[in-house]
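Numbering (the numbering used here), first residue to last: 321 to 366.
Following this line, the structure appears as C-alpha cells:
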C-alpha cells in the first residue's frame with residue numbers, strides 16, 4: 321500500500337466514523353470499510 325492510498329483510506333475512515341456519530345471502539349471496522357471502498361474504487365478506475 322502506498323502512502324497516498326493510506327492517506328485516502330485514513331480520510332475515508334474518518335468520514336465514515338463521523339457519519340456514524342463518532343462511536344468509540346470501532347476504529348478497525350471503519351478502517352476496513354474505507355480500505356475496501358478506496359481500493360475497490362481504484363481498481364474500477366484502472
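Heads up, the beta-carbon is just placed ideally off N, CA and C, and yes, glycines get one too.
CB of residue i within 8 Å of CB of residue j, strictly
i: residue 350; j: residue 359; result: no
Supposed contact pair residue j and residue i - C-beta distance, whole angstroms, cut 8 Å
i: residue 357; j: residue 332; result: 6 Å
For residue i, the three-state DSSP class (helix, strand or coil)
i: residue 354; result: helix
i: residue 346; result: coil
i: residue 333; result: helix
i: residue 341; result: coil
Contacts around residue i, its chain only, beta-carbon distance under 8 Å, and the 5 residues preceding and following it disregarded
i: residue 347; result: 333, 337
7 Å CB neighbourhood of residue i in its chain, flanking five on each side removed
i: residue 355; result: 329
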